[in-house]
Amino acid sequence: MAQKVGLPEVRERVGASHGITDLARKLHFYNGWAPDYDQDVAALQYRAPSLAVDCLIRASSALPQPALILDVACGTGLVAVELQARGFHQVHGVDGSPGMLEQARARGLYQNLSLCTLGQEPLPSPEGTYDAVLMVGALSEGQVPCSAVTELLRVTKPGGLVCLTTRTNPSNLLFKEALETTLQGLEEAGAWERLAAWPVDRWELATAEQEVVTSNDANDIGFISGIIYLYRKQEAAQAPGTRPSPQPLASDPTCIDPSC
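Be aware that the sequence shown starts at -1, since it is given in this note's numbering, and climbs by one per residue.
Here you go:
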């Protein structure tokens, strides 16, 4: 059983994970962190799994039930918890850490779990397998590289959804810029259309003062920010020189619909 620790210790541990840029060292760190991961991210009020699933569900009425969903970099299974709470039970998961997969397997929410280090090897699924693919929390400096996004697109069915997140705190801004270049390039190529780009101020508690995003809301002091992207894979190739028109985007975390 994980031993409870104070917030300063949690901040130190999570801050250390952000500072590891070598992928092999990062995976080793996650193996050791796995038993304490859930309690640590809860202490930091980490909301990305629930927010990402909300974005996926609310921004599109086209996701069928039962949909087959892939949770990439699934960790201990926090995204699967949110999916099941919303009625989605056909979930596969992949992660590069055996320790994290062990924790995810213990939850009993995945129909299939696979060890896969995305960015170094392809996803273990045929093209066009999934109705939706999510990658929550793994796209950042020293974790999954931007180039892996094309693998998420490959295993998504035509017309299926891809949901991605990244942090927007100062130390991750260069990565965010590179990620958005990749996302835009795929959109301009007609591979997918953007449905949402949803900035979130209260992503999780900051692990260092310099990471705190300035806000006019006194309640936001101490939090870093993040962003959720949602795309729909194109049914067929578009005509050269055309690109889809993105839907209006919502910034209110309580409502994806801009009319709210």
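For glycine and all other residues, C-beta sits at the position ideal for the given N, C-alpha and C. All figures in this text were calculated on a predicted structure; none of them were measured in a lab.
Among the options, nearest to residue i - alpha-carbon criterion
i      : options                          : result
Pro143 : Tyr28, Lys155 and Glu175         : Glu175
Ser48  : Gln63, Gly75, Pro64 and Ser59    : Gly75
Pro197 : His90, Arg45 and Val12           : Arg45
Pro124 : Val134, Arg152 and Met133        : Arg152
Ala40  : Gly4, Glu233, Ala146 and Gln182  : Gly4
His90  : Ala83, Leu113, Arg84 and Ala32   : Leu113
Ala194 : Arg56, Asp38, Asp20 and Leu25    : Arg56
Glu233 : Cys161, His87, Gly126 and Gln88  : Gly126
Glu119 : Glu100, Glu185, Leu137 and Val92 : Val92
Gly94  : Leu121, Gly17 and Val210         : Leu121
Thr164 : Glu185, Thr148 and Glu139        : Glu139
Cys161 : Thr115, Leu81 and Val8           : Leu81
Gly73  : Phe27, Gln88 and Ala83           : Phe27
Leu42  : Leu177, Gln88, Leu111 and Val8   : Val8
Phe173 : Lys231, Asp36 and Ser145         : Ser145
Pro6   : Gly17, Arg103, Asp199 and Asp38  : Asp38
Ala83  : Arg103, Ala102 and Leu107        : Leu107
Tyr35  : Gly135, Gln88, Leu150 and His87  : Gly135
Thr115 : Arg103, Glu10, Glu149 and Gly188 : Glu149
Ala189 : Leu111, Thr19, Leu203 and Val147 : Val147
Residue-chain proximity (residue i, chain D), Cβ-Cβ < 8 angstroms
i      : result
Leu121 : The displayed structure is made up of one protein chain only, and chain D is not part of it.
Proximity below 8 angstroms, CB of residue i to CB of residue j
i      : j      : result
Glu191 : Tyr227 : no
Val70  : Val131 : yes
Ala65  : Arg105 : no
Gly220 : Trp201 : no
Gly85  : Gln109 : no
Glu100 : Ala32  : yes
Lys24  : Gln141 : yes
Leu171 : Leu137 : no
Leu61  : Asp129 : yes
Lys231 : Thr154 : yes
Anticipated Cβ contact below 8 angstroms, residue i with residue j, distance rounded
i      : j      : result
Pro168 : Gln208 : 7 angstroms
Leu159 : Leu68  : Contact flag wrong, Cβ pair sits at about 11 angstroms.
Asn29  : Gly117 : The Cβ separation is near 17 angstroms, so there is no contact.
Val12  : Thr205 : 5 angstroms
Identified DSSP bridge partners for residue i
i      : result
Tyr227 : Leu162 and Ala195
Gln88  : Leu66
Ala190 : Per the sequence presented here, residue 190 reads as Trp, with Ala not at that position. The partner list for Trp190 (beta bridge, DSSP) reads Lys231.
Asp93  : Leu113
Glu202 : Ile222
Near the ligand ATP: residue i beta-carbon under 7 angstroms from a heavy atom
i     : result
Asp36 : The ligand ATP is absent from the structure shown, which contains no ligand whatsoever.
Runs of alpha helix (DSSP H) lying entirely within the segment 113 to 186, each at least 4 residues, in chain order: 147 to 153 and 171 to 186
Whole alpha helix (DSSP H) elements within the segment 29 to 62, 4-residue minimum: 46 to 56
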